[in-house]
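*Asks:* This structure is in structure tokens; I'll ask about it shortly.
2 protein chains.
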Amino acid sequence: MKYIIKDLKIKGITLTPQRMAIIEFLKNNLNHPTAEDVYKALEEKYPSMSIATVYSTLELLKANGYIQELSIRKRGKACFDFTSKNHHHFLCLKCDSIIDIESECINTCPIVKAGQLEGCKVGEIQAYLYGVCSGCNKKTIKKSNKK
Amino acid sequence: MKYIIKDLKIKGITLTPQRMAIIEFLKNNLNHPTAEDVYKALEEKYPSMSIATVYSTLELLKANGYIQELSIRKRGKACFDFTSKNHHHFLCLKCDSIIDIESECINTCPIVKAGQLEGCKVGEIQAYLYGVCSGCNKKTIKKSNKK
DNA sequence: TTTAGAATTAAAATGATTTCAAATTAAGAA
DNA sequence: TTCTTAATTTGAAATCATTTTAATTCTAAA
Chain A
1163 MKYIIKDLKI KGITLTPQRM AIIEFLKNNL NHPTAEDVYK ALEEKYPSMS
1213 IATVYSTLEL LKANGYIQEL SIRKRGKACF DFTSKNHHHF LCLKCDSIID
1263 IESECINTCP IVKAGQLEGC KVGEIQAYLY GVCSGCNKKT IKKSNKK
Chain B
1163 MKYIIKDLKI KGITLTPQRM AIIEFLKNNL NHPTAEDVYK ALEEKYPSMS
1213 IATVYSTLEL LKANGYIQEL SIRKRGKACF DFTSKNHHHF LCLKCDSIID
1263 IESECINTCP IVKAGQLEGC KVGEIQAYLY GVCSGCNKKT IKKSNKK
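Dropping the structure here:
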């Protein structure tokens, strides 16, 4: 948080209250919010804020590498994530939730380690795992027990 | 190709000329076309075909597991891929092209092999590799030699 | 051949995101 | 502090991929 503020100042990027509020919100909401999520959350405190500001700030933060836009979309919407370090994402096909996967095991793949494949220079890898999350798993088990 | 036709018939799905043409096109264009790509390609041969038909057929083929919709989007558009077998995708950040990664190495990750992680049941993994493709790499080298 | 259900069509609707021009704000200079 | 200019925000309109709709046209089975 602090380092972003400092960093942005060094880069000569203006720190408006709106931008501060958006950064603050993202810091405290690591559950991959959409632009709309951010907008709705800040609506009360900043009634005059425009959704266009949310989009432009998210774009700014993305361009400067503070946040990542996931390739995965929540019901057609882009969602965002603080890029603490390289991590992957798990998607629950039942409840639509996105869970961070901190496991390093994907990063140990030969391709990733070598940083290249068939002449392609590989910089980054984003893995999306699809399945059923533990919460939904438990629900399913309970249901089947009831029968 | 043949097996899809047979399969669809068995499933009681009507094989209209439009659907046949779309399947045929996808078979011959493995470069991850968008709905618009499909539509434009068939426009000449089927001038009356609607883009809505393209979308509904892609949806049908996806629902039946013949094609895969990538999470990655080409300039904001969904793109599709025959799912021969589980494979991953490389995205060139310079030329926007998407290249199939047949390498099995990602699938050998402990998470994927175990099929679970932290209580989540993992069914499938889609990896997106980002970087610079061999074509663009060569161009860059040539340029830097010219200097 | 008839007919009911399914698929196609063109147009309108939707909804996330982007663009725009006008109004406001930030920040450096005086 | 006040002035000034450039950057930012705003709200509304525009964009654009995709979906929906209702009417028309096909398909396939009887």
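Going down the list, the sequences are from chains A and B. Note that the first sequence covers residues 1163 to 1309 in the working numbering. Note that the second sequence covers residues 1163 to 1309 in the working numbering. Just so you know, even glycine gets a beta-carbon here, dropped at the ideal spot from N, CA and C.
Three or more beta-carbon pairs under 8 Å between the stretch 1164 to 1183 of chain B and the stretch 1254 to 1265 of chain A, yes or no?
*Replies:* Short answer: they don't touch.
*Asks:* When you check each C-beta in the stretch 1283 to 1295 of chain A against every C-beta of chain B, which residues fall closer than 7 Å?
*Replies:* Answer set for the stretch 1283 to 1295 of chain A: 1283, 1284, 1285, 1286, 1287, 1288, 1289, 1290, 1291, 1292, 1293, 1294, 1295.
*Asks:* What residues from the stretch 1229 to 1261 of chain B come within 8 Å of chain A, judged by C-beta to C-beta, listed N to C?
*Replies:* Those residues of the stretch 1229 to 1261 of chain B that come within reach of chain A (Cβ to Cβ, closer than 8 Å) are 1233, 1234, 1235, 1252, 1254, 1255, 1261.
*Asks:* Excluding the 5 residues flanking residue 1278 of chain A on each side, which residues of the same chain have their C-beta closer than 8 Å to its C-beta?
*Replies:* Cβ neighbours of residue 1278 of chain A beyond the five flanking positions: 1284.
*Asks:* Would residue 1215 of chain A and residue 1229 of chain A qualify as a contact pair, given that the criterion is a beta-carbon distance under 8 Å?
*Replies:* For residue 1215 of chain A and residue 1229 of chain A, no; Cβs fall outside 8 Å.
*Asks:* Applying the 10 Å Cβ sphere with the 16-neighbour rule, what's the burial state of residue 1289 of chain A?
*Replies:* Under this definition residue 1289 of chain A is a buried residue.
*Asks:* Give the DSSP-derived three-state secondary structure of residue 1220 of chain B in the structure shown.
*Replies:* Here residue 1220 of chain B sits in helix by DSSP.
*Asks:* Residue 1260 of chain B lies in the beta strand (DSSP E); which residues open and close that run?
*Replies:* Note, residue 1260 of chain B: beta strand (DSSP E), 1260 to 1263.
*Asks:* I think residue 1281 of chain A touches residue 1269 of chain B, with their Cβ atoms under 8 Å apart; what is that distance to the nearest whole Å?
*Replies:* With 8 Å as the limit, residue 1281 of chain A and residue 1269 of chain B do not qualify as a contact, their Cβ atoms being about 22 Å apart.
*Asks:* Going by beta-carbon coordinates alone, are residue 1177 of chain B and residue 1242 of chain B separated by less than 8 Å?
*Replies:* Contact: no.
*Asks:* Along the beta strand (DSSP E) that carries residue 1290 of chain B, what are the first and last residues, could you check?
*Replies:* First-last of the beta strand (DSSP E) with residue 1290 of chain B: 1282 to 1294.
*Asks:* Sorted by chain position, which residues of the same chain lie with C-beta nearer than 7 Å to residue 1249 of chain A's C-beta, five sequence neighbours on each side aside?
*Replies:* So the qualifying residues of the chain are 1262, 1263, 1264.
*Asks:* Can you confirm whether residue 1227 of chain A, when its beta carbon is compared against all beta carbons of chain B, has any partner nearer than 8 Å?
*Replies:* Residue 1227 of chain A does not count as touching chain B.
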